[in-house]
Amino acid sequence: MSLPLANPGPTQADLNEEEIRTPLQTAVRRFLKNKLAVFGLVLVILMVIIAIFAPSLAPMSPYTSYPDGTTMQGLPLNPTWHWLHFFLGTDSSGRDEMSMLLYGTQVSMEVGFMATLITLLIGVAIGLVSGYVGGALDNVLMRITDVVLAFPLFLFVILLRSVVSHPTVATVYEVIGILGWAGIARITRGQTLAARKLEYVESARAVGVRTPNILVKHIFPNIMGPIVVYGTLLIANNILLESALSFLSIGVPDPTVSWGKMINLGLSWYQTDPWLIVWPGIAIALATLGFNLLGDGLSDALNPRAGQ
Amino acid sequence: MGPYIIRRIFWTIVTIWAILTVTYFIAYLVPSDPARLIAGQHASAATLASIRRALGLNRPLWYRYLTFANQFIHGNLGYDYIMRRTVSGQVLQAAPLTFYLALVAVCFELIIGIPIGIVAAVKRYSFVDNLLRFISILGISMPTYWVGSMLLLLIGFKLGWLPLGGVSPAGVILPALSVGITGSAFYARILRSATLETMRMDYVRTARAKGAKESLILFKHTIRNSLIPVVTYLGLDLGALLGGLIVTEYIFNWSGLGFLLNQAIGQDDGSLIMGVTLFSASGIVIMNFVVDLAYAFLDPRVSYS
Chain A
2 MSLPLANPGP TQADLNEEEI RTPLQTAVRR FLKNKLAVFG LVLVILMVII
52 AIFAPSLAPM SPYTSYPDGT TMQGLPLNPT WHWLHFFLGT DSSGRDEMSM
102 LLYGTQVSME VGFMATLITL LIGVAIGLVS GYVGGALDNV LMRITDVVLA
152 FPLFLFVILL RSVVSHPTVA TVYEVIGILG WAGIARITRG QTLAARKLEY
202 VESARAVGVR TPNILVKHIF PNIMGPIVVY GTLLIANNIL LESALSFLSI
252 GVPDPTVSWG KMINLGLSWY QTDPWLIVWP GIAIALATLG FNLLGDGLSD
302 ALNPRAGQ
Chain B
6 MGPYIIRRIF WTIVTIWAIL TVTYFIAYLV PSDPARLIAG QHASAATLAS
56 IRRALGLNRP LWYRYLTFAN QFIHGNLGYD YIMRRTVSGQ VLQAAPLTFY
106 LALVAVCFEL IIGIPIGIVA AVKRYSFVDN LLRFISILGI SMPTYWVGSM
156 LLLLIGFKLG WLPLGGVSPA GVILPALSVG ITGSAFYARI LRSATLETMR
206 MDYVRTARAK GAKESLILFK HTIRNSLIPV VTYLGLDLGA LLGGLIVTEY
256 IFNWSGLGFL LNQAIGQDDG SLIMGVTLFS ASGIVIMNFV VDLAYAFLDP
306 RVSYS
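Quick note, the sequences are listed as chains A and B, same order.
Be aware that the first sequence starts at 2, since it is given in my numbering, and climbs by one per residue.
Be aware that the second sequence starts at 6, since it is given in my numbering, and climbs by one per residue.
In structure tokens:
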């Protein structure tokens, strides 16, 4: 389905060198040749660094409504372009936009990674068992997966999130993570079905390796590629999902800063202070773009034959 | 064909039943006090007590669940708690507007996505292809509600070309375009790979060998056959489409199901949230069934076994 960005095809020199490279080295080389993928990786690393060091990077406090943060009429300030003094302007309650943007990275990364982790743990476990054990169990698990796959995810995330009376950031990623496992379960099952017929898996079974060991040590490492690709794209999706929930004001609770929440607040002021919806939107798009480009590049690097 | 339809009907019913059950258990078992959910955070003790009686919370669980399912089958989704109107009435009033917006949005998705997909396939592995690919990935990376806000700001407010919101003939364009811009990327990518695959088919080579014009080969032989996966995706995409509609209806005050849902969220009206979820989710499953069926009729290669 996805295609490599630039496909010059192997030269004779490449072919000669390829013989002495491990599959991982080949994949890394192929990945590094893909400029967009490297750009995605740089964006992702940047976002993670900003999330970790947001408290040191932020010029002001994102939670404080500064008395000089609004005009005499109580309106948001325009960007001042002075780093330590309302660099990108303020919101309607006098908080520093730049600092809020930097802190917003934390929620996006936390929810993006944790929700994906939960989804992968559930989905991969179900897929591995379903594909390896087969028979009636496989049938039951896959029918359940089909049904769950037919659920409109966003609606059920809203429903489940709205019944929690004292939400935290963890509530948001748990809700997203618990409901989203069906897609990766399907993919893992398909990969496991193919992997269980491989000779080394059969020989492991023949010498009496126990099933859990075969699944974890022999099959899982062999099917990691597609799971990593799917997981990376899922992080992008979950960042969007969190921001959309926060935009609808059922995301992370106050006073936690979230980009989606910033756009929601800014929407009341878009006619006089359009920047309030421009900045956080660019932040979300960059974070999501990073993971999407990375996932796309990984897909090409790990599965060179796809789509050619 | 007969057994195929029966099997699909069976699974559609099972799925709707699962949606009903999951919705019920989320709404009535996850919260420590369902009455609190229905009435909202600020309800008085007397209100809570009356809701508990009305909900029959003193009765056994299986009885409550069956009553709930029975009401659903008869089209009764209960009452919202603020205005005491029937949920089904409000949902049915909002649904046609959402359906209409969805149709226009899908048109925009196809109008934007199909040309991009075709150009990318024709110019494969070139600079143009790479550029379109980057644009597509950028498209799926932008939140739909942000694209909507930007359109509202630039086309609605700065240029003043289209209404800022509300239900009107011209008012459908901006919300539909927001969904169309972000949703088109998937269609572009699916069509691109499908077209590349079709280009390698024997009959395309035959057409070329007998001297057919390139444009004829592209439009008559290649693209027509490449559109089949696009139809499949149309069915799979309905859930994501609804997600986009929920946020854009909110921005543009388009009083469809998403608008209703946001109203319910704002008022903390659990009964309305549940009703909209149940109705929309079941609607999507049924629409999916219809698309699948249409697809099976259209494409003789689909196996019914």
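Every residue gets a Cβ at the ideal spot worked out from N, C-alpha and C, and that includes glycine.
Bear in mind the structure is a predicted one, so any value in this text is a computation, not a measurement.
Cutoff 8 Å: residue i Cβ touching any chain B Cβ
i: Ser57 of chain A; result: no
i: Tyr231 of chain A; result: no
i: Pro153 of chain A; result: yes
i: Ser269 of chain A; result: no
i: Ala237 of chain A; result: yes
i: Asp297 of chain A; result: yes
i: Ile251 of chain A; result: yes
i: Ser244 of chain A; result: yes
i: Val148 of chain A; result: yes
CA-to-CA distance, residue j to residue i, given in whole angstroms
i: Val149 of chain A; j: Leu303 of chain B; result: 27 Å
i: Val27 of chain B; j: Leu164 of chain B; result: 46 Å
i: Ala52 of chain A; j: Arg64 of chain B; result: 50 Å
i: Thr193 of chain A; j: Leu129 of chain A; result: 6 Å
i: Phe114 of chain A; j: Pro24 of chain A; result: 27 Å
i: Gly70 of chain A; j: Pro168 of chain A; result: 29 Å
i: Leu266 of chain A; j: Ser141 of chain B; result: 28 Å
i: Val19 of chain B; j: Ala212 of chain B; result: 46 Å
i: Ala137 of chain A; j: Ile145 of chain A; result: 12 Å
i: Ser93 of chain B; j: Ser163 of chain A; result: 20 Å
i: Val314 of chain A; j: Tyr255 of chain B; result: With chain A covering only 2 through 309, there is no way to say anything about residue 314 of chain A.
i: Tyr70 of chain B; j: Asp274 of chain B; result: 20 Å
i: Asn35 of chain A; j: Leu235 of chain A; result: 21 Å
i: Val281 of chain B; j: Leu262 of chain B; result: 7 Å
i: Ile56 of chain B; j: Ala50 of chain B; result: 10 Å
i: Thr117 of chain A; j: Asp297 of chain A; result: 17 Å
i: Val217 of chain A; j: Glu200 of chain A; result: 16 Å
i: Pro312 of chain A; j: Thr65 of chain A; result: Given a span of 2 to 309 for chain A in the structure shown, any question on residue 312 of chain A remains unanswerable.
i: Tyr104 of chain A; j: Met155 of chain B; result: 23 Å
i: Ile285 of chain A; j: Ile186 of chain B; result: 16 Å
i: Tyr208 of chain B; j: Leu239 of chain B; result: 27 Å
i: Val290 of chain B; j: Asp242 of chain B; result: 11 Å
i: Leu136 of chain B; j: Ser204 of chain A; result: 47 Å
Partners in chain A for residue i, counting only beta-carbon separations shorter than 8 Å
i: Ile121 of chain B; result: Simply none; closest approach about 14 Å.
i: Met279 of chain B; result: Leu160
i: Ala32 of chain B; result: Leu160 and Val164
CB contact check: residue i to chain A, cutoff 8 Å
i: Ser310 of chain B; result: Since pLDDT at Ser310 of chain B reaches only 47, below the 50 mark, its modelled position is unreliable, and the value read off the structure follows with that caveat. Closer than 8 Å: no.
i: Leu221 of chain B; result: no
i: Trp151 of chain B; result: yes
i: Ser285 of chain B; result: yes
i: Met292 of chain B; result: no
i: Val252 of chain B; result: yes
i: Leu247 of chain B; result: yes
i: Asn75 of chain B; result: no
i: Val296 of chain B; result: no
Check: residue i C-beta below 7 Å from any heavy atom of the ligand PLP
i: Asp274 of chain B; result: Here there are no bound small molecules, and the ligand PLP is not part of this structure.
Residue closest to residue i, alpha-carbon to alpha-carbon, out of the options
i: Met101 of chain A; options: A:Ile278, A:Arg22, A:Leu294 and A:Gly296; result: A:Ile278
i: Phe113 of chain B; options: B:Leu196, B:Glu202, B:Leu179 and B:Arg13; result: B:Leu179
i: Ser287 of chain B; options: A:Leu118, A:Glu175 and A:Pro153; result: A:Pro153
i: Phe310 of chain A; options: A:Ala28, A:Leu42, A:Asn35 and A:Gln26; result: Lying before the first or after the last residue shown, residue 310 of chain A is absent from chain A, which here runs from 2 to 309.
i: Tyr130 of chain B; options: B:Ser189, B:Leu102, B:Gly188 and B:Ser198; result: B:Ser198
i: Met263 of chain A; options: A:Ser204, A:Ile50 and A:Gly95; result: A:Gly95
i: Met225 of chain A; options: A:Gly209, A:Ile127, A:Glu203 and A:Thr189; result: A:Thr189
i: Ile337 of chain A; options: A:Pro256, A:Thr106, A:Arg206 and A:Asp92; result: Because residue 337 of chain A is not part of the residues shown, which for chain A are 2 to 309, the question remains open.
i: Ile127 of chain A; options: A:Glu175, A:Ile283 and A:Ile179; result: A:Ile179
i: Leu161 of chain A; options: B:Phe224, B:Ile278 and B:Gln268; result: B:Ile278
Distance between beta carbons of residue j and residue i, contact taken as under 8 Å
i: Phe264 of chain B; j: Tyr271 of chain A; result: The pair is not a contact, with the Cβ atoms about 19 Å apart (cut-off 8 Å).
i: Ala175 of chain B; j: Ala110 of chain B; result: Their Cβ separation, rounded to whole angstroms, is 15 Å, which puts Ala175 of chain B and Ala110 of chain B out of contact at 8 Å.
i: Gly261 of chain A; j: Ser244 of chain A; result: 3 Å
i: Ser220 of chain B; j: Ala99 of chain B; result: Rounded, the Cβ-Cβ distance is 45 Å, inconsistent with contact.
i: Leu294 of chain A; j: Leu37 of chain A; result: 5 Å
i: Ala299 of chain B; j: Tyr9 of chain B; result: Not quite, the Cβ-Cβ distance comes to about 13 Å (not below 8 Å), so this is no contact.
i: Leu169 of chain B; j: Leu157 of chain B; result: 6 Å
Interface residues of chain B facing residue i [CB-CB closer than 7 Å]
i: Gly128 of chain A; result: Within 7 Å Cβ-Cβ: nothing; Gly128 of chain A doesn't reach chain B, min ~19 Å.
i: Thr289 of chain A; result: Ser146
i: Pro275 of chain A; result: Leu158
i: Ile37 of chain A; result: The amino acid at residue 37 of chain A is misidentified as Ile; the sequence shows Leu. Per Cβ cutoff of 7 Å: Phe139.
Where residue i meets chain B, residues with beta-carbon distance less than 9 Å
i: Gly105 of chain A; result: Under the 9 Å cutoff, chain B gives no residues; its nearest Cβ is about 13 Å from Gly105 of chain A.
Contact set between residue i and chain B, taken where Cβ atoms lie within less than 8 Å
i: Asn304 of chain A; result: Correct list: empty, because the minimum Cβ distance to chain B is about 13 Å.
i: Ala286 of chain A; result: Leu143, Ser146, Met147, Pro148 and Trp151
i: Gly282 of chain A; result: Met147, Pro148, Trp151, Ser154 and Met155
Beta carbon proximity, residue i to chain D, threshold 8 Å
i: Thr28 of chain B; result: Among the protein chains in the structure shown, which are A and B, there is no chain D.
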